[in-house]
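Asker: This is the structure I want to talk about, given as structure tokens.
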Amino acid sequence: MDIKQLKFLVALERTRHFGQAAVRCHVTQPTLSMRIRDLEEELGLELIRRSHRFEGFTEAGLRVLAWARTLLAAEEGLHAEAAACRGQLVGTLRLGVVPLAGFDPMNLVGLFAELHPSLRFMVSVLSSEQIFEQLGRNQLDLGISYLERLDRVLFDAYPLTEVHMGLLHDPRRFGFAAPVLGWAALAELPLGLLSTGMHFRQSIDHGFRRHGLTPNLRLETDAVYLLVRAVSAGLCCGIVPLEGGFEGESEHLRLIPIEDARTLAPLGLIIRRAAPRSPLAEACFREAKAFFRPPR
Numbered sequence: 100m101d102i103k104q105l106k107f108l109v110a111l112e113r114t115r116h117f118g119q120a121a122v123r124c125h126v127t128q129p130t131l132s133m134r135i136r137d138l139e140e141e142l143g144l145e146l147i148r149r150s151h152r153f154e155g156f157t158e159a160g161l162r163v164l165a166w167a168r169t170l171l172a173a174e175e176g177l178h179a180e181a182a183a184c185r186g187q188l189v190g191t192l193r194l195g196v197v198p199l200a201g202f203d204p205m206n207l208v209g210l211f212a213e214l215h216p217s218l219r220f221m222v223s224v225l226s227s228e229q230i231f232e233q234l235g236r237n238q239l240d241l242g243i244s245y246l247e248r249l250d251r252v253l254f255d256a257y258p259l260t261e262v263h264m265g266l267l268h269d270p271r272r273f274g275f276a277a278p279v280l281g282w283a284a285l286a287e288l289p290l291g292l293l294s295t296g297m298h299f300r301q302s303i304d305h306g307f308r309r310h311g312l313t314p315n316l317r318l319e320t321d322a323v324y325l326l327v328r329a330v331s332a333g334l335c336c337g338i339v340p341l342e343g344g345f346e347g348e349s350e351h352l353r354l355i356p357i358e359d360a361r362t363l364a365p366l367g368l369i370i371r372r373a374a375p376r377s378p379l380a381e382a383c384f385r386e387a388k389a390f391f392r393p394p395r
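The structure is reproduced here in structure tokens:
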């Protein structure tokens, strides 16, 4: 067994396709398939369900896959630890961010890139649950998520900002005289919202319920860019973070504050507590705490 076989296994999990996994690992498909079969023979287990194509992992394969991810994370951590001992910070920082975060993750990426020019970055947009899960499995180094459901036994967190809401609209289609909108005014508008289950949507629904109102839902999506496109097309108005930079998406978009509208919990930077925890993640978490002030 060697580390490449484990990388092939994890690549297959991510791509769900033998050919794409081979491309990702810079080998031919026959080589990847042969090396995975070698691993199966060594372990005496069938790891992959096959026909003419990849059909998923067996139950034993899923258990082996969990160990493979842990070992690969340890290998990456070992290289990062060695670099840290040489006074360097290298590697790839894996950052997960919730949609409509209200905090620009590029502020963090820019800070880390300036401090550590050799760093690479992988930024993924995920739900809060996915971020917690992937941090726990060492598939992410840091997460930007809401702190409402954070398990303080498993994770450390640093508050970044309270997220206030505004109405994103095209003034050529929707005009407002007041500088701030109330919830009753929102209920009269055709709205585009993130899908049910996302924390930002839950905060919106809570606001309407608190005022005894029901939103006029015109569009529901799990993709932020589709929501912005719908607003740009005049199909609806969208409720988004005030500090999300959405006005810059189009010259015609405007953002107006909503009275007493904020998310149910502040947004924070999150890191797992348990070892192995890479020096890369620890250093970036520490630097972010020193640079960004927590909300008052």
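Here the sequence shown stands for residues 100 to 395, numbered as in the numbering used here.
The beta carbon of each residue, even a glycine, is placed where N, CA and C say it ideally should be.
All values derive from a computational prediction rather than experimental measurement.
(1) Can you give me the Cβ contacts of glycine 306 inside the same chain, cut-off strictly under 7 Å, excluding the 5 residues immediately before and after it?
(2) What are the boundary residues of the alpha helix (DSSP H) that proline 62 is part of?
(3) Suppose the cutoff is 6 Å on Cβ atoms and the five residues either side in sequence are ignored; what does the same chain contact list for proline 198 look like?
(4) If we count the other Cβ atoms within 10 Å of its Cβ and call it buried at 16 or more, is leucine 161 buried or exposed?
(5) Along the beta strand (DSSP E) that carries aspartate 359, what are the first and last residues, could you check?
(6) Using the C-alpha atoms, what's the distance from threonine 127 back to leucine 146?
(7) What do you get for methionine 221, buried or exposed, if any count of 16 or more other CB atoms within 10 angstroms of its CB means buried?
(8) Please check the pair isoleucine 357 and leucine 280, which I expect to be a contact at CB under 8 Å, by giving their CB distance rounded to whole angstroms.
(9) Specify the secondary structure class of glycine 278 as computed by DSSP and reduced to three states.
(10) Just the C-alpha distance for serine 349 and alanine 110, rounded to the nearest angstrom, thanks.
(11) For arginine 136, I'd like the list of residues in its chain whose CB is within less than 6 Å of its CB, leaving aside the five on either flank, ordered along the chain.
(12) Could you check which residue in Ala389, Ala286, Gly201, Arg168 has the C-alpha nearest to that of leucine 234?
(13) Just the Cα atoms here: how many angstroms apart are valine 163 and alanine 364?
(14) Taking its Cβ as the centre, do 16 or more other Cβ atoms sit within 10 Å of valine 252, making it buried, or is it exposed?
(15) Could you spell out the range, first to last residue, of the alpha helix (DSSP H) harbouring glycine 118?
(16) Helix or strand or just coil, what does DSSP make of histidine 268?
(17) Under three-state DSSP, which class holds threonine 114?
(18) For the beta strand (DSSP E) containing alanine 382, name the first residue and the last one.
(19) For arginine 372 and phenylalanine 254, which I take to be in contact (beta-carbon distance under 8 Å), what is that distance rounded to the nearest angstrom?
(20) Going by the CB atoms, is the gap between isoleucine 355 and isoleucine 303 shorter than 8 Å?
(21) Assuming methionine 100 and glutamate 139 are in contact, meaning their beta carbons sit under 8 Å apart, how far apart are those beta carbons, in whole angstroms?
(22) Tell me, to the nearest whole angstrom, how far the beta carbon of isoleucine 243 is from that of alanine 200; I am working on the premise that it is less than 8 Å.
(23) Can you look up glycine 367 in the DSSP assignment and give me helix, strand or coil?
(24) Note down the Cα distance separating serine 227 from isoleucine 369, rounded to an integer number of angstroms.
Answerer: Inspection of the coordinates gives the following:
(1) Hits under 7 Å: Trp282, Ala360.
(2) This structure does not reach residue 62, given that the chain is present from 100 up to 395, and the question cannot be answered.
(3) Result list for proline 198: Val224, Val323, in chain order.
(4) When all chains shown are included, leucine 161 counts as exposed.
(5) Counting along the chain, the beta strand (DSSP E) containing aspartate 359 begins and ends at 353-361.
(6) When the Cα atoms are used, leucine 146 and threonine 127 turn out to be separated by approximately 20 Å.
(7) Residue burial is scored here from C-beta neighbours: methionine 221 has fewer than 16 other C-beta atoms within 10 angstroms and is therefore classed as exposed.
(8) The beta-carbon distance between isoleucine 357 and leucine 280, rounded to whole angstroms, is 5 Å. This is short enough to meet the 8 Å contact definition.
(9) One detail in the question is off: residue 278 reads as proline in this sequence, not glycine. Assigned with DSSP and collapsed to three states, proline 278 falls in coil, not helix or strand.
(10) Taking the straight line joining both Cα atoms gives about 38 Å.
(11) Scanning its chain for C-beta atoms nearer than 6 Å, with the 5 sequence neighbours on each side dropped, one finds no residue around arginine 136.
(12) Looking at the Cα atoms, Arg168 is the closest of the given residues.
(13) The straight-line gap from Cα to Cα measures roughly 37 Å.
(14) Counting other Cβ atoms within 10 Å of its Cβ, valine 252 stays below 16 and is therefore classed as exposed.
(15) From DSSP, the alpha helix (DSSP H) with glycine 118 extends over 117-124.
(16) Strand at histidine 268.
(17) Correct three-state label for threonine 114: helix.
(18) Where alanine 382 is concerned, there is no enclosing beta strand (DSSP E), although the alpha helix (DSSP H) around it starts and stops at 378-390.
(19) At roughly 6 Å, the Cβ-Cβ gap stays under 8 Å, so arginine 372 and phenylalanine 254 are in contact.
(20) Cβ distance not < 8 Å, so isoleucine 303 and isoleucine 355 don't count as in contact.
(21) Under the criterion of beta carbons closer than 8 Å, methionine 100 and glutamate 139 do not qualify as touching, at roughly 11 Å.
(22) 6 Å between Cβ atoms; contact.
(23) Strand.
(24) Those two C-alpha atoms are separated by around 11 Å.
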